[in-house]
Amino acid sequence: MLNKQLILRLFEGFSIQRWNDLVRPFELVEMDKAAERMVAAYIIGKYEEARGNKVDWNWIIYASIFELLKKIALCDIKSPVQQMIKRKFPKEYIKLNEWVLKQFKDIVDDNELYSEFTIYIGRTAGNFAMPETLKLSARILRAAHKFSSLRELQMIECVNEEERITKIKKDLNEDIQKYLDLRGMQLLVTRQRPFDFIMKIEQLRFQTRWNQTPRVPHTSVLGHCYFVAVVTVLLMRHTGIKMSDKRLYNDFFSALFHDLPEAVTRDIISPVKQATDELPNIVKQIEDEIVRSELVPLMDESYVDEIMYFISDEFSNRIQIKDENGQLQVKTVTWDDINEKYDSEEFNPVDGRTVRLADHLSALIEADSSIKYGITSEHLRSGKEHTLNGYAKDLVINGVEIRKIFEEIVKD
1315 MLNKQLILRL FEGFSIQRWN DLVRPFELVE MDKAAERMVA AYIIGKYEEA
1365 RGNKVDWNWI IYASIFELLK KIALCDIKSP VQQMIKRKFP KEYIKLNEWV
1415 LKQFKDIVDD NELYSEFTIY IGRTAGNFAM PETLKLSARI LRAAHKFSSL
1465 RELQMIECVN EEERITKIKK DLNEDIQKYL DLRGMQLLVT RQRPFDFIMK
1515 IEQLRFQTRW NQTPRVPHTS VLGHCYFVAV VTVLLMRHTG IKMSDKRLYN
1565 DFFSALFHDL PEAVTRDIIS PVKQATDELP NIVKQIEDEI VRSELVPLMD
1615 ESYVDEIMYF ISDEFSNRIQ IKDENGQLQV KTVTWDDINE KYDSEEFNPV
1665 DGRTVRLADH LSALIEADSS IKYGITSEHL RSGKEHTLNG YAKDLVINGV
1715 EIRKIFEEIV KD
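Counting from 1 along the sequence shown, just add 1314 to a position and that's the residue number in the working numbering.
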């Protein structure tokens, strides 16, 4: 189900430049936008849940992936142009979306996933109506899309003449008005505490991975986190295991937030972390202290415990279980244990080892793609070999024979 063609196509999201008709003080790429959109969707959705509303998180997760695939296929057509085609030439817009589906028909060999992609494209293209049960979730994702676009515009506004952005800003602000009934959106737009939290997370967008060596394409820590989240979902599907909704949700958002501490500590590269035997543990302790002092105060009580669960011991398979006093405790468990006993909302399962596999797969592609482009260094070559050889042949972790997938990825 997980194949090289699909993974590398998704990786193209790191190469799609955004706002490339305006002055940009730093690179703005589609993968980073997709990441910030999902962080915003998480915050907005959590406030809706706090108001007693039902949010279909699985739909939001898959919709975000489908939106990225669509953007990769249509990267040369600006969003406002696509909207004009939809309004003025609806039949052609439907054909355009059918063309998008054809681009992925031969590389998405997960038939169920491709079917869901087809349904999503049909609904968003207007072929058939969005079910009532999904309308709130669709509005949350759309609101997050608009907010993340607004943040990008705000970040480049200072270096663009007013005449270049006046209409864009006006149109975007008009669009945002449609979503201000959502409490989380209100707080973000008016720059309350959730905005401060996102501002911290945005720092991951400015941090370049493999910062010690030239590389193409550059990948930010934030974009990397979203890519890892998508790959985590695909790896879980690759196993054929039928997951509970809570398990999929936990796996995706654990991966999305797995490098959150680096928003306040910066990305410490692996060779430095491993310079001494005790340094990894020391770095982890320092990360935990800084997260609690600088990030936790910015989180709402509706999600602070959940995020801390996501980022604590982030690469272990784990559950939460009540002790004799009724207090929730984190317990490390095996893959088989989750599948056989703990795959339900009651136990809050996370496949942390799968997140780790996705993290390493991302690192391998980052190194290998640059080498194949002809931009290489000793850091990239050794990083590639270390990642590839870190897993023995025939080793199966969380239902995945990962070395086989790695070798397929790097094969010319």
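Every residue, glycine too, gets a C-beta built ideally from N, C-alpha and C.
(1) Can you list, in chain order, the residues of its chain with a C-beta nearer than 6 Å to that of Glu1466? Leave out the 5 residues immediately preceding and following it.
(2) What three-state label does DSSP hand Glu1628 in the structure shown?
(3) Only counting runs of 4 or more residues, tell me where the alpha helix (DSSP H) segments fall wholly within the region 1599–1646, in order along the chain.
(4) So Asp1335 is in the alpha helix (DSSP H); what residue range does that whole segment cover?
(5) If distances are taken between C-alpha atoms only, which option among Phe1431, Thr1646 and Cys1539 comes closest to Leu1383?
(6) Comparing C-alpha positions only, which one of Asn1425, Lys1392, Ile1435 and Glu1350 sits nearest to Lys1409?
(7) Helix, strand or coil: which one does DSSP assign to Ile1408?
(8) Kindly confirm or deny that the region 1389–1398 and the region 1514–1532 touch, where touching means at least three C-beta pairs closer than 8 Å.
(9) Return helix, strand or coil for Val1664, following the three-state DSSP convention.
(10) Give the range of the alpha helix (DSSP H) segment to which Asp1346 is assigned.
(11) Should Ile1379 and Ala1458 be called a contact, given that it needs their Cβ atoms to be closer than 8 Å?
(12) Touching or not, the region 1627–1647 and the region 1599–1616, by the rule of three or more beta carbon pairs under 8 Å?
(13) Among Gln1506, Gln1319 and Ile1490, which has the Cα closest to the Cα of Val1422?
(14) Would you list the residues sitting across from Thr1522 in a DSSP beta bridge?
(15) For the alpha helix (DSSP H) containing Leu1494, list its first residue and its last residue.
(16) What's the C-alpha gap between Asp1652 and Val1414?
(17) Is there contact here, the region 1347–1361 with the region 1480–1489, by at least three beta-carbon pairs under 8 Å?
(18) Tell me which residues share the same chain as Leu1455 and place their Cβ nearer than 6 Å to its Cβ, disregarding the 5 neighbours each side in the sequence.
(19) Evaluate Lys1460 with the Cβ neighbour count: other Cβ atoms within 10 Å of its Cβ, from every protein chain shown; 16 or more gives buried, anything less gives exposed.
(20) Indicate whether Arg1551 and Ser1534 have their beta-carbon atoms separated by less than 8 Å.
(21) Output the distance between the C-alpha atoms of Leu1518 and Asp1657, rounded to the nearest integer angstrom.
(22) Less than 8 Å between the C-beta atoms of Tyr1361 and Arg1505, yes or no?
(23) Using 8 Å for Cβ pairs, my map puts Val1669 next to Ser1558. What's the rounded Cβ distance?
Reading off the structure:
(1) Cβ contact annotation for Glu1466 (same chain, cutoff 6 Å, sequence separation greater than five): Leu1342, in chain order.
(2) Secondary structure at Glu1628: coil, using DSSP grouped into helix, strand and coil.
(3) Listed in chain order, the complete alpha helix (DSSP H) runs (minimum 4 residues) inside the region 1599–1646 are 1618–1625.
(4) Element bounds for Asp1335: n/a, residue is neither H nor E.
(5) Residue nearest to Leu1383 within the set Phe1431, Thr1646 and Cys1539 is Phe1431 (criterion: CA-CA distance).
(6) Of the residues Asn1425, Lys1392, Ile1435 and Glu1350, the one whose Cα lies closest to the Cα of Lys1409 is Ile1435.
(7) Ile1408: helix per DSSP, three-state reduction.
(8) Segment contact: the region 1389–1398 against the region 1514–1532, fewer than three CB-CB distances shorter than 8 Å; contact not assigned.
(9) Of the three classes helix, strand and coil, the one that applies to Val1664 here is strand, per DSSP.
(10) Under the DSSP assignment, Asp1346 falls in the alpha helix (DSSP H) whose first and last residues are Glu1344 to Ala1364.
(11) The answer is no: Cβ separation not under 8 Å.
(12) Judged by Cβ distances under 8 Å, the region 1627–1647 makes no contact with the region 1599–1616, as fewer than three pairs qualify.
(13) Residue nearest to Val1422 within the set Gln1506, Gln1319 and Ile1490 is Gln1319 (criterion: CA-CA distance).
(14) Bridge partners of Thr1522: Ser1534.
(15) Secondary structure note for Leu1494: it is in no alpha helix (DSSP H), with a DSSP letter that is neither H nor E.
(16) Before going on, a small fix: residue 1652 reads as Ile here, not Asp. Their backbone Cα atoms lie some 37 Å apart in a straight line.
(17) Verdict: no, contact absent.
(18) So the qualifying residues of the chain are Ala1355, Ile1374 and Ala1377.
(19) Residue burial is scored here from C-beta neighbours: Lys1460 has at least 16 other C-beta atoms within 10 angstroms and is therefore classed as buried.
(20) Cβ distance not < 8 Å, so Arg1551 and Ser1534 don't count as in contact.
(21) For Leu1518 and Asp1657, the distance between alpha carbons rounds to 32 Å.
(22) Their beta carbons are not under 8 Å apart, which means Tyr1361 does not touch Arg1505 by this criterion.
(23) With 8 Å as the limit, Val1669 and Ser1558 do not qualify as a contact, their Cβ atoms being about 17 Å apart.
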